[in-house]
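Reviewing the structure listed below.
Put into structure tokens, the structure is as follows:
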């Protein structure tokens, strides 16, 4: 966790009028890890969301806590272990909140995340992207250092490569076989003879099966969600049983996505559940019913930088690099464009407007019907743009500016982006 | 420029067979700035594109040089100053190539870019996103440090804020008025009385006008491009003349986009031209005719990680975080999906396939017609994915792995991402 921002040089609870912005000296600033370098003492560090440079990613801790508790309760009720997917937050500070400082296993999407979380004390890690052979040396490095890192795969070729590498290097590499439970992305079908072939090719490294029903994002009714959750569970358990029937071990049976866990009624035969985006929520999740609009814990703070009165446009400095290009709500009942434009303090959406288009550092706010009210968006005022897809938007930023339900920035948390 | 990668621990010119990947020791790695920390001497640093961890952003220097020369020649022919937009590359090393190590002014899209390039010796900088008042203290800081930094704006409110701030702080801040030459984004129309009002509100800070015809991306024929280039020129020059007729100074007349500069036949009345993406090119630019497919200088190196034979999918570890969500060719004559799948050495596209969908760390390659040939994409083999939009894809990475027409990685160049 990086240093707490304690000084308050802010301008108070309202948007500062033009021309009253306090000047900064030439010293100070943030270091590359997001730690305020305030030792020179003369530069006013941002203390509230109203004097923070924009665009900036805000994270509201009470909402994060609420989302974390809801999923912990749900998974406890289902009687399995929660293995949150840290690809959404990529932050040990967020993980401390979602795990309530307990020892909790995690799922990662990059080797960089595995290295970072292991360095911060997390030891039980599933790397849940099909293994590329070029990554095996780094996997072995982490395992030798004491990390209980497991990988996944879905081909005989990869299984043979993992076994060959493990034997040559004298390291025990455990892998789960990815099961295709929804026809959506990767994995082998539970009734495909390949499943047993892969299990045999893995040999002593076989540790179980896993599946992710990404097709749950196409469900629209409670019945569809519940059926998809049951399908993910049933097909993954079926795969485990087929392996066992062939005399192969299958101790781990891992399933999950935020929608399927939210709607699952039972997880019989499953040992652990994975989900990521629930920690922040987003506009897609709100439309899927897994959270409310008010649960969304992150947003991009942006400044109004222009008015194009001829074309009815308010311009903000949150463009596609800050908001992401994700148009996840484009095909959903409510199309939020590139994000919902909200009051930065209350998170209440401004009615009848969206970020309807973006360029690299420009967001264009337009009215959905009738003329736009420019007086609601004075030059220099601030809006909070809630994301379509929290994972994509958060990945555009290297740190979170943490709030506690109000305007004060109470902390700055770093993220582990990238791959190398 | 970060350290040159000199050691060669590579596997040679071919894709390494499964199970033959050399192990790495636990030491070494890359530092947060991308500088290889090879001093322990025991970890094999990637020396070729075949032992680099994936996904990774490759930059081919000969193609970059070729693109740079072409634009320098074109702008010299047009008789104006070239002020390249560094938002595409965000790298002083790339700028050294595109400027041929000469003193060349630049355009930036963030204050972070301005700080970085000024720290690396570039002194004439235009920050070409409408100014947010909260950024004025940092603008003043750079100007006081000796940077010839100018800003842009398109409202009386912003002009008054800039003038008020400059007078209160005793610093001379020069601004260009943004002109709307295409109805595409921001700016004031040249015949709008607001133009003169903004000029008067700026007072001594008025330094000129600028425009960017983003609508050029909607052109499809040479006639349309040439007409758009002429419209951008003519309306921006008209704005300058109206300011002068009102007794206001307008020394700088700045226009540009990669398509309008590529197709412009004259720039009479203009003083400088801006363009960014030409340095790398991309699939959108190739379809607009400003470069060839073979000119595209960057691509995302990815590994094949899975085969879903039931659904005819090859999975790679380049997902939307590595490729970006940009679907810029979606409405163009050839829709490349999330990118063109190429041989990593020759850059020749594999025929009949695209990255048709992406998740965070998964890219899905499918056939455009007929069954996919899995034998062309063995597990662990490598592809290079050329980007729809180079600016968006490059921004997903913190460094470039530089090649010189072959497999060897000859350098690693850092980027200045983010805002704080």
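Chains as they are written, first to last, in my numbering: chain B, 1 to 420; chain D, 421 to 840.
C-beta: ideal position from N, C-alpha, C; glycine also.
Can you confirm whether residue 401 of chain D, when its beta carbon is compared against all beta carbons of chain B, has any partner nearer than 7 Å? Since the first residue of chain D shown is 421 and the last is 840, residue 401 of chain D is not available in this structure.
Between residue 567 of chain D and chain B, is the shortest Cβ-Cβ distance under 7 Å, so that the two count as touching? no
What's the gap between the Cα of residue 310 of chain B and the Cα of residue 301 of chain B? 26 Å
Residue span of the alpha helix (DSSP H) that contains residue 320 of chain B, given as start and end: 320-323
Cα-Cα separation, residue 475 of chain D to residue 228 of chain B: Rounded to the nearest whole angstrom, the C-alpha separation of residue 475 of chain D and residue 228 of chain B is 31 Å.
Comparing the CB of residue 838 of chain D with every heavy atom of the ligand ZN, is any distance shorter than 6 Å? No copy of the ligand ZN occurs in the structure displayed, which carries no ligand at all.
Contacts of residue 320 of chain B in chain D (Cβ-Cβ under 7 Å): 812
Status (buried if at least 16 other CB within 10 Å, exposed otherwise) for residue 539 of chain D: exposed
Of all the CB atoms in chain D, is at least one closer than 7 Å to the CB of residue 307 of chain B? yes
Using a Cβ-Cβ distance cut-off of 7 Å, determine whether residue 326 of chain B contacts chain D. Residue contact with chain D for residue 326 of chain B: present (Cβ-Cβ distance below 7 Å to some residue of chain D).
Tell me the DSSP secondary structure of residue 640 of chain D in three-state form. coil
So that I know if they touch, is there some Cβ in chain D lying closer than 7 Å to that of residue 133 of chain B? yes
Along the chain, where does the beta strand (DSSP E) containing residue 713 of chain D start, and where does it finish? Note, residue 713 of chain D: premise wrong, no beta strand (DSSP E); not H, not E.
Complete runs of the beta strand (DSSP E) confined to the segment 319-361 of chain B [at least 3 residues]: 340-342, 353-358
Return no unless some Cβ of chain D is closer than 7 Å to the Cβ of residue 87 of chain B. yes
List the residues of chain B that residue 634 of chain D touches, going by C-beta distances under 8 Å, in chain order. Correct list: 359.
Do residue 176 of chain B and residue 139 of chain B have their beta-carbon atoms positioned less than 7 Å apart in this structure? no
Continuous alpha helix (DSSP H) stretch holding residue 68 of chain B: start and end: 61-78
Nearest chain D C-beta to residue 154 of chain B closer than 7 Å, yes or no? yes
With distances taken from CA atoms, which of B:181, B:102, B:193, B:262 is nearest residue 214 of chain B? B:181
When you compare the CB positions of residue 315 of chain B and residue 328 of chain B, do they come within less than 7 Å of one another, or not? no
Can you tell which of B:63, B:217, B:197, B:83 has its C-alpha closest to the C-alpha of residue 332 of chain B? B:217
Would you please state the rounded distance, in angstroms, between the beta carbons of residue 823 of chain D and residue 697 of chain D? I believe it to be under 8 Å. The C-beta separation of residue 823 of chain D from residue 697 of chain D comes to about 20 Å, leaving the pair out of contact by the 8 Å criterion.
Does chain D have any CB closer than 7 Å to the CB of residue 377 of chain B? no
Cβ-Cβ separation, residue 555 of chain D to residue 533 of chain D (assumed contact under 8 Å), whole Å: Contact flag wrong, Cβ pair sits at about 12 Å.
Spatial neighbours of residue 453 of chain D within its chain, please: C-beta separation below 6 Å, excluding the five flanking residues on both sides. Low per-residue confidence applies at residue 453 of chain D: pLDDT is 32, beneath 50, and the placement is therefore not dependable, though the value from the model is reported in the following sentence. Result list for residue 453 of chain D: 834, in chain order.
Proximal chain D residues relative to residue 274 of chain B, where beta-carbon distance stays under 9 Å: Within 9 Å Cβ-Cβ: nothing; residue 274 of chain B doesn't reach chain D, min ~13 Å.
Endpoints, alpha helix (DSSP H) assigned at residue 174 of chain B: Premise fails: residue 174 of chain B lies in the beta strand (DSSP E), 174-178, not in any alpha helix (DSSP H).
Beta-carbon neighbours of residue 735 of chain D, restricted to chain B and to distances below 7 Å: 130, 186
State the Cα-Cα distance for the pair residue 359 of chain B and residue 709 of chain D, rounded to the nearest angstrom. 21 Å
Helix, strand or coil at residue 834 of chain D according to DSSP, with G and I counted as helix: Under the three-state reduction of DSSP, residue 834 of chain D is assigned to strand.
Pick from B:351, B:395, B:137: whose alpha carbon is nearest that of residue 161 of chain B? Of the listed residues, the one whose Cα sits closest to residue 161 of chain B is B:137.
List the residues that DSSP assigns as beta-bridge partners of residue 728 of chain D. According to DSSP, residue 728 of chain D bridges with D:733.
Does residue 646 of chain D come out as helix, strand or coil in the three-state DSSP assignment? helix
Checking 7 Å against the spacing of the C-beta atoms, do residue 195 of chain B and residue 248 of chain B come in under that value? no
Is DSSP giving residue 555 of chain D helix, strand or coil here? If DSSP states are grouped into helix, strand and coil, residue 555 of chain D belongs with the helices.
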